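Q: Under full-length UniProt numbering, think of the first position of the sequence shown as 1, with each following residue one higher.
Positions of the beta carbon are idealized from the N, C-alpha and C atoms, including for glycine.
Small disclaimer: the values here were computed from a predicted structure and weren't measured.
The structure is given below, and queries will be raised subsequently.
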Amino acid sequence: MQAAGASNWSYGLLTDVGRQRRGGVNQDAALALNLPQGGLFAVADGMGGHAAGELAATLALEALSSHYLSRRTSPPARLAEAVQAANVSVLRHAVGEYMGMGTTLIAALIDRGALMIAHVGDSRAYLLRGSQLHRLTEDHSWVSEQVRLGHLTEEEARDHQWRSVVSNALGGEERVRLELFGLRLCAGDRVLLCSDGLSSVVTDTELLELLARPLVPDSVVRCLIDAANDAGGPDNITALVIDVQQDQHLPTYNLPAPQNSGPDYVDALLSAQRGNSLNTYLLLMLAYFTLLGVILLPGQRVLIAVVGTALLAGILLIQRLALIRRASGQLGRPSAVLEQARSVPTRPAPPSTPQRSTHDT
């Protein structure tokens, strides 16, 4: 579906209880929120018992969206702050019968030509670009760490008895630990956010084949859910697919770089974002001294104005080129590649009303 005013993307969202969960309770929740320059999307996978997991996932997405909408800081900092607000909301409700509840969170913010990912737990984000599927996130789990260290293979991890035990989740401690990074989007890109009910039973190669089908997002998510259920459906399954339809300019702020060391505390990430504002202050100082020179040295004002303006323009151009280069070079080795490239459709889905939802179907 396509939200009103969202000319650059369309999306499909579907969540399913799976085939083996007793009581038919779905502890997954999902969010799709239209924004003036893009959209905010998220998937949460709750834990802590049926009622507790369902509540944790819903609380997290409500806090994420309300906090993001109510702040006016730069989008990277605002997204990190919104994840912290979601963490606090879950933590404050984790008392009594809800003691110990928590939830994973994978959030994707589209802002013009940029995609920012905020990641806590083992829900995943993928990017299909051309014939290559890139896994954008690594699970925050003991099993995933063993795979990175070379102690387990991907196949062994998929069947390991501790595969669903996460090492990081919302509601675990007062300050959330998360990964936050951004990259440039291109026309034809297809983004997938999903819970581990999909990624734990459907391999990256199978995901690639399903995502590369020339179908609109609504149809693709149905195929993904069916594939997970056909593989046994051992857990709740949520899939959110976003198609990017046009190339757009990058925003002017710096996109956060990937943290190769894993998740970091939110205050450390916010400090890094504030550090990125140093260049802005330097530019303001240069503009100030240029204006001051024009006022104090009227005989040289033309020369001072020309030199100052040229310096400002040069610095801005260099910063812009550096931003484009960094944002375009964030993708690493793909996790799966089609033998023959197949294109992803960029035609928009039929329009519908804006949606902001936390689903439990």
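1) List the DSSP bridge partners of Asp111.
2) Whole angstroms are fine: how far does the CA of Val306 sit from the CA of Arg124?
3) Could you check the C-alpha separation between Glu145 and Gly262 for me, to the nearest Å?
4) CA-CA distance, Arg190 and Leu282?
5) Go ahead and label Ala44 buried or exposed: buried means 16 or more other beta carbons lie within 10 angstroms of its beta carbon, across all protein chains shown.
6) In this structure, how does DSSP classify Thr238 when only helix, strand and coil are distinguished?
7) For Glu62, which option in His50, Ala77, Ala51, Asn87 has the closest C-alpha, if you only look at C-alpha atoms?
8) Spatial neighbours of Val221 within its chain, please: CB distance less than 6 Å, with the 5 preceding and 5 following residues excluded, ordered by chain position.
9) Cutting at 7 Å between CB atoms, please list the residues of its own chain near Ala94, excluding the five before and the five after it.
10) Given 8 Å as the limit, is there contact between the stretch 110–123 and the stretch 28–43, that is, 3 or more CB pairs closer than that?
11) Measure from the alpha carbon of Ser89 to the alpha carbon of each residue in Gly308, Ala56, Ala107, then state which is nearest.
12) Whole-angstrom Cβ separation of Gly121 and Asn168, contact assumed at under 8 Å?
13) When you compare each of Gly188, Thr205, Ser199 to Leu215 by their alpha carbons, which one comes out closest?
14) How should Pro256 be labelled, buried or exposed, when 16 other C-beta atoms within 10 angstroms of its C-beta is the threshold for buried?
15) Please report the distance separating the alpha-carbon of Ser335 from that of Pro251.
16) Can you check DSSP and say which residues form a bridge with Glu179?
17) CB-CB under 6 Å to Tyr98, same chain, minus the five flanking residues each way: which ones, in chain order?
18) Can you give me the C-alpha to C-alpha distance between Asp204 and His134, rounded to a whole angstrom?
19) Rounded to whole angstroms, what's the CA-CA distance from Thr58 to Val337? Just pull it up for me.
20) Let me make sure I understand the geometry here. Which of Asp218, Gln259, Ser199 has the alpha-carbon closest to that of Gly232?
21) State the start and end residues of the unbroken beta strand (DSSP E) segment that holds Ala125.
22) Exposed or buried, Val165, counting other C-beta atoms within 10 Å across all chains shown (16 or more means buried)?
23) Just reading off the beta strand (DSSP E) that His93 is part of, what are its end residues?
24) Using the beta-carbon count (16 or more within 10 Å), is Asn229 buried or exposed?
25) For Ser195 and Ile225, I'd like the C-alpha separation in whole angstroms.
26) Could you tell me which residues DSSP pairs with Trp9 in its beta bridges?
27) What is the C-beta distance between Gln273 and Ser74, in whole angstroms, given that I count them as a contact (C-beta under 8 Å)?
28) What residues are listed by DSSP as bridge partners for Asp45?
29) With distances taken between CB atoms, is the gap from Ile304 to Leu312 smaller than 8 Å?
30) Which partner residues of Ile318 appear in the DSSP bridge assignment?
31) Does the beta-carbon distance from Leu180 to Leu69 come in below 8 Å?
32) Assign Pro263 to one of three DSSP states: helix, strand, or coil.
A: Working from what's here:
1) Along the sequence shown, read from residue 1 onward, the residue named residue 111 stands at position 111. Partner(s): Gly38, Ala114.
2) Numbered from its first residue, the sequence shown carries residue 124 at position 124. Numbered from its first residue, the sequence shown carries residue 306 at position 306. So the alpha carbons of these two residues sit roughly 50 Å apart.
3) By 1-based counting over the sequence shown, the position of residue 145 is 145. By 1-based counting over the sequence shown, the position of residue 262 is 262. Glu145 and Gly262: Cα-Cα distance of roughly 10 Å.
4) Taking the first residue of the sequence shown as 1, we reach residue 190 at position 190. Taking the first residue of the sequence shown as 1, we reach residue 282 at position 282. Going by the C-alpha atoms only, they are around 38 Å apart.
5) As a position in the sequence shown, residue 44 is number 44, starting the count at 1. Its Cβ being crowded by 16 or more others within 10 Å, Ala44 is buried.
6) In the sequence shown, counting from the first residue as 1, residue 238 sits at position 238. Note: Thr238 maps to strand in three-state DSSP.
7) Locating residue 62 in the sequence shown gives position 62, where the first residue counts as 1. Taking the Cα of Glu62 as reference, the smallest distance to any Cα among His50, Ala77, Ala51, Asn87 is reached at Asn87.
8) Within the sequence shown, the letter at position 221 stands for residue 221. Taking Val221 as the centre and dropping the five residues before and after it, the same chain places the C-beta of Gly12, Leu14, Ala239, Val241 closer than 6 Å to its C-beta, in chain order.
9) On the sequence shown, residue 94 is found 94 positions in, with the first residue counted as 1. Correct list, in chain order: Gly100, Met101, Gly171.
10) Taking a cut-off of 8 Å for Cβ pairs, the stretch 110–123 and the stretch 28–43 touch, as three or more such pairs fall below it.
11) As a working mapping, residue 89 is identified with position 89 in the sequence shown. For Ser89, the closest C-alpha among the options Gly308, Ala56, Ala107 is that of Ala56.
12) Here residue 121 refers to the residue found at position 121 when the sequence shown is read from its first residue. Here residue 168 refers to the residue found at position 168 when the sequence shown is read from its first residue. Correct: roughly 6 Å between the Cβ atoms.
13) Start at 1 with the first residue of the sequence shown, and residue 215 comes out as number 215. That would be Gly188, whose Cα lies nearest to the Cα of Leu215.
14) Counting from 1 along the sequence shown, the entry for residue 256 is found at position 256. It is buried - the Cβ of Pro256 has at least 16 other Cβ atoms within 10 Å.
15) By 1-based counting over the sequence shown, the position of residue 335 is 335. By 1-based counting over the sequence shown, the position of residue 251 is 251. Ser335 and Pro251: Cα-Cα distance of roughly 28 Å.
16) Numbered from its first residue, the sequence shown carries residue 179 at position 179. Per DSSP, His119.
17) Walking along the sequence shown from the start, residue 98 turns up at place 98. Within the same chain, Tyr98 has close Cβ partners Ala52.
18) Taking the sequence shown and counting its residues from 1, the one referred to as residue 204 is at position 204. Taking the sequence shown and counting its residues from 1, the one referred to as residue 134 is at position 134. So the two alpha carbons sit approximately 9 Å from each other.
19) On the sequence shown, position 58 is the one that residue 58 refers to. On the sequence shown, position 337 is the one that residue 337 refers to. Put simply, the backbone Cα of Thr58 is about 35 Å away from that of Val337.
20) Position 232 of the sequence shown, counted from the start, is the residue given in the question as residue 232. Per the Cα distances, Ser199.
21) Residue mapping note: residue 125 aligns to position 125 of the sequence shown, counting from 1. Ala125: member of the beta strand (DSSP E) spanning 124–129, first to last residue.
22) Position 165 of the sequence shown, counted from the start, is the residue given in the question as residue 165. Result: exposed.
23) Along the sequence shown, read from residue 1 onward, the residue named residue 93 stands at position 93. Where His93 is concerned, there is no enclosing beta strand (DSSP E), although the alpha helix (DSSP H) it sits in stretches over 75–93.
24) The residue you call residue 229 lines up with position 229 of the sequence shown. By the neighbour-count criterion, in which a residue is buried when 16 or more other Cβ atoms sit within 10 angstroms of its Cβ, Asn229 is buried.
25) Start at 1 with the first residue of the sequence shown, and residue 195 comes out as number 195. Start at 1 with the first residue of the sequence shown, and residue 225 comes out as number 225. Looking at the backbone, the Cα of Ser195 and that of Ile225 are separated by about 11 Å.
26) Residue 9 sits at position 9 when you count from the first residue of the sequence shown. Looking at the DSSP assignment, Trp9 forms a beta bridge with Val244.
27) As a position in the sequence shown, residue 273 is number 273, starting the count at 1. As a position in the sequence shown, residue 74 is number 74, starting the count at 1. Gln273 to Ser74, Cβ: 7 Å. Contact.
28) By one-based count along the sequence shown, residue 45 stands at place 45. According to the DSSP secondary-structure assignment, Asp45 is paired through a beta bridge with Asp28.
29) Within the sequence shown, the letter at position 304 stands for residue 304. Within the sequence shown, the letter at position 312 stands for residue 312. Taking 8 Å as the Cβ cut-off, Ile304 and Leu312 do not qualify as a contacting pair.
30) Within the sequence shown, numbered from 1, the residue matching residue 318 stands at position 318. Answer is none; Ile318 lacks a bridge partner.
31) Translated into positions along the sequence shown, residue 180 becomes position 180. Translated into positions along the sequence shown, residue 69 becomes position 69. Going by C-beta atoms, Leu180 is not nearer than 8 Å to Leu69.
32) Your numbering for residue 263 matches position 263 in the sequence shown. Of the three classes helix, strand and coil, the one that applies to Pro263 here is coil, per DSSP.
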